[in-house]
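Everything on this sheet refers to the single structure shown next.
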């Protein structure tokens, strides 16, 4: 008699494909968050303390990218890069799009946090002989970090969820891998719930990381 395959049996068969998709999602989101944070911090500092000529291009970058849907941004990076003579893979194009999106949001987060610090803090640093970079490192950024972290965690989890859009350009991340498995065994609900659980694991890990950093920078 034919026995209906169980979900655990199908999960075991699809384990390599799902694991590869999980790692691809983690790698893409991780690269976008890391490099997007670096770009965002630099852009936020320029937007806060830079001269007008320096602020203008970063202001255009932030407003343009923040006003563009992530889906459109990913497609633009995928199709425009080869047109400009830059040969990159679908994974690289998707990671680039997410990085630009993350950087624009982090820039606004940093700018808002720095501008919330009273101007007298910077002037007090100058009064005791600190250079601008020293005031930034020892006075301004430690205070701003406490305001940046909660919003940064939210932005990072959004990047993880946005990584599912890379399936449109053929990147075999977790969602596309799950869809390919479902196309073979038709266990739609079970495998979508499992994919949702894996995305929850990634985002919960980011949240735990944010909490640990918050504890380290919290005032005693």
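Numbering (full-length UniProt numbering), first residue to last: 1 to 220. Glycine included, C-beta positions come from ideal geometry on N, C-alpha and C. In this text the structure is predicted, and so the values were computed from the model without any measurement.
Burial is judged here by how many other beta carbons sit within 10 angstroms of a residue's own beta carbon; residue 12 has fewer than 16 and is exposed. Three or more beta-carbon pairs drawn from the region 172-179 and the region 14-28 are found closer than 8 Å, and the two stretches are therefore classed as touching. When the Cα atoms are used, residue 100 and residue 162 turn out to be separated by approximately 13 Å. Buried is the label assigned to residue 159, since at least 16 other Cβ atoms lie within 10 Å of its Cβ.
The beta carbon of residue 198 sits closer than 7 Å to those of 22 and 174, all from its chain and outside the five residues before and after it, given in chain order. Distance from the CA atom of residue 79 to the CA atom of residue 67, rounded to whole angstroms, is 19 Å. Non-local beta-carbon contacts of residue 166 in its own chain, meaning distances under 7 Å to residues more than five positions away in sequence, involve 28, 74, 94 and 173 in chain order.
Taking all protein chains in view, the Cβ of residue 202 is crowded by 16 or more other Cβ atoms within 10 Å, so the residue is classified as buried. Sequence-distant partners of residue 59 (beyond 5 residues in either direction) whose C-beta falls short of 8 Å from its own C-beta, in its chain, are 47. About 14 Å separates the beta carbon of residue 140 from that of residue 109, a gap too long to meet the 8 Å contact definition.
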